[in-house]
Each structure stands twice: as C-alpha cells, then as structure tokens.
Amino acid sequence: MSSLKKIKIIKPDDWHLHLRDKKILKKILRYTQTFYRRAIIMPNLNKPITNCKKAIAYKRRIINASQLNTKFEPLMICYLTKETSLQELKYGFFKKIFIGAKLYPDQSTTNSKTGINKISEIFHILELMQKINMPLLIHGEDNNFDIDIYDREAKFIENTLVLLRKTFPELKIILEHITTKEAVYYIEENNSPYLAGTITPHHLMLNRNNMFIGGIQPNLYCLPILKRNIHQNALRQAISNGSTRFFLGSDSAPHLYENKINLIGCAGIFNAPSSLLCYVTVFEEMKALKYFESFCSKNGPNFYNIPINKESITLIKKPYKILEKVSVGKEFIIPFLSGEILNWSIL
Ligand code: DOR
Ligand code: ZN
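Here it is as structure tokens:
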C-alpha cells in the first residue's frame with residue numbers, strides 16, 4: 001500500500017478561464033479538461049462574444065475541440081458593451097446560453113477596447129441583471145491613466161464598486177482575479193450573499209518582486225499586475241480562513257511566446273497545466289487543506305446557484321514536473337512555472 005498523502009475532492013470548476021479559439025484552443029483545452037468539470041469561458045476574443053449566436057457558436061467550437069473523453073462543460077459569458085441588448089441578455093440567461101455577463105472597463109486588458117467607459121452607461125443593463133438574478137463578473141481595475149497601475153484595483157473599488165453596489169444592492173457580483181488586501185477586506189467586511197471574489201494561483205504564489213528576479217520576466221506579466229507581498233499575504237489569508245465568498249478562478253490566459261516576448265508583450269499567464277496543483281500547494285503551505293475542497297468545488301457553484309459536481313478527483317503528494325512548452329504548429333506557449341517541480345500530482 002502506498003503511504004503517499006492523497007486528497008480526494010469533488011471535481012473542481014474553473015470560474016475564470018481564457019480558452020481562445022482555433023489552433024490554440026485545440027492545443028490547450030485538454031489541460032483544463034483534466035482537472036476541471038466546468039469552466040467559465042471568458043468572452044474577450046478578438047471579436048468578443050457579445051450575443052447569443054456568437055456564444056452558441058463558440059461553445060460548439062470548444063466542445064468540438066475536445067481531444068479527451070472526460071466530460072467538460074463550458075459556461076458562457078456575455079461581453080457587455082453599452083449597446084448590449086436587454087432582450088438578448090434576458091433571453092440568453094433564461095435559455096441558459098449565458099451564465100453571467102462581464103464588465104471590462106474600456107482598455108483595461110486584452111481585447112477590451114469595446115469595454116465600458118463609465119459605469120452609468122450601463123445602469124439600465126445592470127438594473128435588468130439585478131432583476132433577473134444574473135451574475136455580473138467584473139474586471140475590477142480603474143483604467144484612468146493618471147492612476148498608478150498598482151493602485152487600479154483599490155481605486156476601482158473606491159470609485160466604482162461602492163457606488164455600483166449602493167445602486168444595485170441585490171446584483172450578484174464576482175470581483176474577478178482579486179489581487180489586493182483592499183479587495184479581500186472589502187469582500188470580507190461586506191460578507192454579502194451578493195458579493196464574491198475569485199483568486200488565481202499566480203497571485204497566491206507570487207508577488208511583484210518575482211517579475212524582476214534575475215531580469216525582467218515577461219511570462220509573469222498579467223493584469224491585474226502582481227502586487228506587493230502584503231497583498232499576496234492577504235490573499236493567502238483569505239483562502240485560509242474558510243470564507244465561502246472566495247473561490248477558484250485560474251485566469252489561465254495563453255499567449256504565443258512571440259506575443260509575450262516582444263517589444264510590446266501581452267498580459268496573461270497560461271497556468272492550466274498546473275493551476276490545481278498550485279492551489280493545493282498553497283493550501284498545504286497555509287495549513288488550510290480542510291478548506292481546499294470548498295474553495296475549488298463548492299463555493300463557486302453555491303454562489304452561481306448551480307449544482308455541485310458529482311465526479312471526484314484525487315491529488316497525490318508526489319513530485320510533478322510541469323511541462324516546458326505547448327507547441328502550436330511552429331509556434332509555442334510557455335506555461336506558468338515551465339519545467340519546475342511541484343510536490344503534488346493528479347492520480
Ligand atoms: O493578464 C490578463 N490576460 N488579464 C486579463 O484580464 C486578460 C487576459 C487575456 O485575455 O490575455
Ligand atoms: Zn482573465
């Protein structure tokens with residue numbers, strides 16, 4: 001009998017994932033499918049997913065790209081613009097085409113140039129979403145050029161989120177990929193059934209120093225950008241105290257090597273091959289393994305009000321080498337922690 005430590009949990013879901021399209025999609029989907037039963041698919045393609053027709057077609061492309069036999073369900077999101085049609089949104093939500101809608105502040109990140117400039121532009125949309133109980137996912141950064149890049153999340157909370165929640169107190173909001181103590185405290189203090197946050201493995205494992213150790217590290221550039229270690233520690237504390245308001249959202253965001261290592265490099269960290277193993281590593285370091293399953297597999301579905309998965313997955317404490325690169329034709333993508341060894345593997 002093996003004496004290796006094992007953890008069996010309900011198969012998790014990834015509540016924030018970028019899968020892209022075409023040849024990249026085909027190459028990377030398998031990594032998410034191995035570890036996750038469902039995932040929320042971000043709509044920020046070159047041509048964003050702004051209506052039901054595009055969402056249905058994209059979902060089909062994802063399902064058709066599957067190379068594995070494991071069941072996997074993409075959960076689709078509508079990219080909000082000030083032109084989003086109320087009828088379309090309502091229809092998409094009731095027909096279960098969309099599980100939620102996403103607010104990208106204009107120019108805040110990859111493919112967000114048709115995002116929202118002023119939150120009041122979409123109050124009529126938010127009013128409907130509150131009424132029908134449709135979750136709003138937020139990239140929470142204030143994109144005003146005068147604001148320091150490290151302060152953008154805290155300023156978004158101060159300048160936008162507070163007002164938004166005051167105006168729509170029963171709108172379900174997920175503040176995505178939180179990176180600061182301000183976000184952690186805001187969610188904890190409010191402790192509201194209408195407010196939750198997702199946390200990525202890279203923001204739990206790293207801080208802004210890591211971006212510059214030994215030279216600039218373009219593979220660690222993402223948005224929101226890695227912050228000081230006090231913020232990293234606040235995130236690590238947040239997942240360790242068992243709050244049900246935080247859950248897993250990897251923000252795995254692949255870019256081809258040539259687009260990352262360039263004069264102007266893209267933001268995004270491709271962590272799908274190791275995200276779950278990174279999370280378990282952090283929970284173990286924080287002596288918080290008893291909350292690992294709820295973070296990965298229960299808090300998310302409970303917040304979104306959908307059933308918890310029936311399948312399970314077993315992780316085993318055994319060294320695991322993260323693959324060095326994923327080839328995409330003649331090009332390739334470098335995964336997070338490429339070539340490094342983690343202490344946990346999947347059985
Ligand atoms: O680093 C990021 N990459 N942050 C985002 O918000 C978007 C993502 C992407 O799509 O590449
Ligand atoms: Zn993202």
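Under UniProt numbering, the residue at position 88 of the sequence shown is numbered 88, and the numbers go up by one with no gaps.
Note that beta-carbon positions come from the ideal geometry of N, C-alpha and C, so glycine has one too.
So what's H124 in DSSP terms, helix, strand or just coil? H124: helix per DSSP, three-state reduction.
Quick check: is any heavy atom of the ligand ZN less than 8 Å from the C-beta of residue 349? Here the chain has residues from 1 to 347 only, and residue 349 is not among them.
At 4 residues or longer, and completely inside the region 277 to 329: list those alpha helix (DSSP H) runs for me, N to C. 299 to 304
When you compare the CB positions of K325 and I333, do they come within less than 9 Å of one another, or not? Yes. Within cutoff.
Can you find the residues in the same chain that come closer than 8 Å, C-beta to C-beta, to D106, ignoring five residues on each side of it along the sequence? S112, K113, T114, G115, I116, N117, N143
Using only alpha-carbon positions, find the residue among A234, E88, K131 that is nearest to N185. Note on identity: in this sequence residue 185 is Tyr, with Asn being the wrong assignment. Considering only alpha carbons, the answer is A234.
When DSSP labels each residue in this structure, what does G92 get in the three-state scheme? Three-state result, G92: helix.
Hey, is H203 close to the ligand ZN, as in C-beta under 8 Å from one of its heavy atoms? no
Could you give the first and the last residue of the continuous beta strand (DSSP E) run that contains T167? Segment 162 to 167 is the alpha helix (DSSP H) holding T167; no beta strand (DSSP E) there.
Please specify which runs of the beta strand (DSSP E), each continuous and at least 3 residues long, are wholly inside the region 165 to 229, giving them in chain order. 173 to 175, 195 to 199
Can you check whether the CB of S274 is closer than 9 Å to the CB of L342? yes
Measuring CA to CA, which of F292, G265, S243, N51 is closest to E189? S243
Compute the Euclidean distance between the alpha carbons of L175 and H139, then round it to the nearest angstrom. 7 Å
Just how far apart, CA to CA, sit L86 and E284? 45 Å
Burial state of H124 (16 or more Cβ within 10 Å): exposed
Excluding sequence positions up to five away, which residues of its chain have a Cβ less than 7 Å from the Cβ of I157? These residues qualify, in order along the chain: G140, E182, A183, Y186.
Using a Cβ-Cβ cutoff of less than 7 Å, which residues in the same chain neighbour N299 once the five nearest sequence positions on both sides are dropped? Spatial neighbours of N299 in its own chain (CB-CB distance under 7 Å, excluding positions within 5 residues in sequence) are listed in chain order as T244, F246, F247.
Counting only runs that start and end within the region 24 to 83, where is the alpha helix (DSSP H) found for 4 or more residues in a row? Qualifying alpha helix (DSSP H) stretches, in chain order: 52 to 64.
Of the choices Y304, F94, V280, R30, whose alpha-carbon is the least far from that of N64? R30
Buried or exposed by the 16-neighbour rule on C-beta atoms within 10 Å, applied to A57: exposed
The alpha helix (DSSP H) spanning F156 covers which residue range? 152 to 156
Just to confirm, are K102 and P43 a CB contact at a threshold of 9 Å? yes
Please confirm if the region 14 to 27 is in contact with the region 61 to 81, defined as three or more CB-CB distances below 8 Å between the two stretches. yes
In angstroms, rounded to a whole number, what distance separates the CA positions of S338 and F145? 33 Å
Taking L161 as the reference, which of Y194, Y257, Y150 has the closest Cα? Y194
I'd like to check one pair, C78 with T70: are the Cβ atoms closer than 9 Å? no
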